[in-house]
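Worksheet: the structure to be examined is printed underneath.
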Ligand SMILES: [Zn+2]
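Numbering (the working numbering), first residue to last: 78 to 408.
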């Protein structure tokens, strides 16, 4: 039976790890203690089980008065349970990034499922897989808390007896925010920097073009900021943030070369590109969707660098290459 895990990382900061029913099998939320009310960062997936786990976790923490909930970004494993957690705790203040709130409403409350399926197909995903992939997304459990405070880059948020600076760090999500404690050089980072896995940088239908360009800027900013410790949304705590940021940037440089190689080998759509990028690691059902949107990000970055051309919508070729003869699609 999966259950939540509580880990006190330092005095007053508890990592609350919730199981996830995915290949990525957990998400870290955080509880910051303060005499005048605790702050929770992120909520977990919006299932009844998550809320039952929160009840357990809060009991283990001594049933603290929770006054504030902060949401890092709109992905379902982070804000899915936000409405339920707000009800459960009675938190007065719900803090969310201004852009992230707009994207949450567009992505979850005004979801265009037919448009999403068409988007996957347009980028080369076979119709039956696109339909199944869209159905799987519809099943995701999300109930949005209504924020009481929308924050922007540079704003200050009180949490755990400290003032944290809001940083807008796009790439993994356009509206992603993190909380930076400048004195303690600590970062509550959400998914901007992860150890062991690289954050997915997907060009979803509601993402602005070239998210990888923005993510590489975020990585440079993190390398410069060099927090002494990053408390992440998944995986181990990061204590060499600048090195990890450089490593992830290097990973994307390699992937850009592989994507360029896929175009040179005849891939034309993002789906075909993803099949070549991941040819040695067969992708599971959900991973196909993430691989596709990440391939779009790499192709758009190559185009921004002048290394690829989108010669018609969602069809790509290496820059400098003239129109190709018609050919059968790669299978
Ligand atoms: Zn996440």
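We put the beta carbon where it would ideally sit given N, CA and C, even for glycine.
From a predicted model like this one, the values you see are computed outputs, not experimental measurements.
Cα atoms of residue 82 and residue 391: separation of roughly 43 Å, rounded to the nearest angstrom. A direct Cα-to-Cα measurement between residue 189 and residue 369 gives close to 18 Å. One thing to note: residue 247 has its Cβ within 9 Å of the Cβ of residue 288. The Cβ-Cβ distance between residue 232 and residue 180 does not fall below 9 Å. Taking 8 Å as the upper bound for CB-CB distance, residue 198 and residue 207 are in contact here, some 5 Å apart.
For the region 111 to 196, the continuous alpha helix (DSSP H) assignments of 4+ residues that do not extend past its boundaries occur at 125 to 137, 153 to 156, 159 to 166, 175 to 181, in sequence order. When rounded, the separation of the alpha-carbon atoms in residue 174 and residue 398 is 42 Å. When secondary structure is reduced to three states using DSSP, residue 342 falls in the coil class, being assigned neither helix nor strand. For residue 150, the closest C-alpha among the options 379, 158, 200 is that of 158. With distances taken between CA atoms, residue 114 lies nearest to 138 out of 128, 255, 138. Counting only the Cα atoms, residue 314 lies some 32 Å from residue 183. For residue 315, there is no enclosing beta strand (DSSP E), as DSSP marks it with neither H nor E. Put simply, the region 293 to 306 touches the region 316 to 330. At least three CB pairs are less than 8 Å apart.
Assignment of beta-bridge partners to residue 95 by DSSP yields 104. If you compare the alpha carbons of 285, 375, 88 with that of residue 108, the shortest gap goes to 88. Taking residue 214 as reference, the option from 280, 152, 394, 80 with the minimal CA-CA separation is 152. Approximately 18 Å separates the beta-carbon atoms of residue 223 and residue 234; this is outside 8 Å, ruling out the contact. When 279, 321, 168, 229 are compared, the shortest CA-CA separation from residue 255 is found for 229. Every residue whose beta carbon comes nearer than 6 Å to a heavy atom of ligand 1 appears here in chain order: 104, 152, 154, 155, 268, 310, 311.
Looking at the backbone, the Cα of residue 281 and that of residue 236 are separated by about 32 Å. Judged by their CB atoms, residue 307 and residue 297 are not nearer to each other than the 9 Å cut-off.
In the structure shown, residue 245 adopts extended strand secondary structure according to DSSP, grouped into three states.
Counting C-beta pairs closer than 8 Å gives three or more between the region 163 to 172 and the region 113 to 133, which meets the contact rule. Its Cα nearest to that of residue 380, the residue 286 stands out among 320, 309, 286. Excluding the 5 residues flanking it on each side, residue 194 has same chain C-beta neighbours closer than 7 Å at 207, 208, 211, in chain order. Listed as beta-bridge partners of residue 263 by DSSP are 258, 306. Every beta strand (DSSP E) stretch that sits fully inside the region 334 to 391 and reaches 3 residues is listed by chain position as 385 to 389. Residues 198 of the same chain have their beta carbon placed closer than 8 Å to that of residue 204, with the five preceding and five following residues left out of the count. For residue 209, the enclosing alpha helix (DSSP H) starts and ends at 204 to 215. Here residue 320 is exposed, its C-beta having fewer than 16 other C-beta atoms within 10 Å. Where residue 227 is concerned, the enclosing beta strand (DSSP E) starts and stops at 226 to 228. Per DSSP, the continuous beta strand (DSSP E) segment holding residue 87 begins and ends at 82 to 87. Straight through space, the alpha carbons of residue 141 and residue 305 are spaced by roughly 28 Å.
Here residue 329 carries a helix assignment [DSSP, helix/strand/coil].
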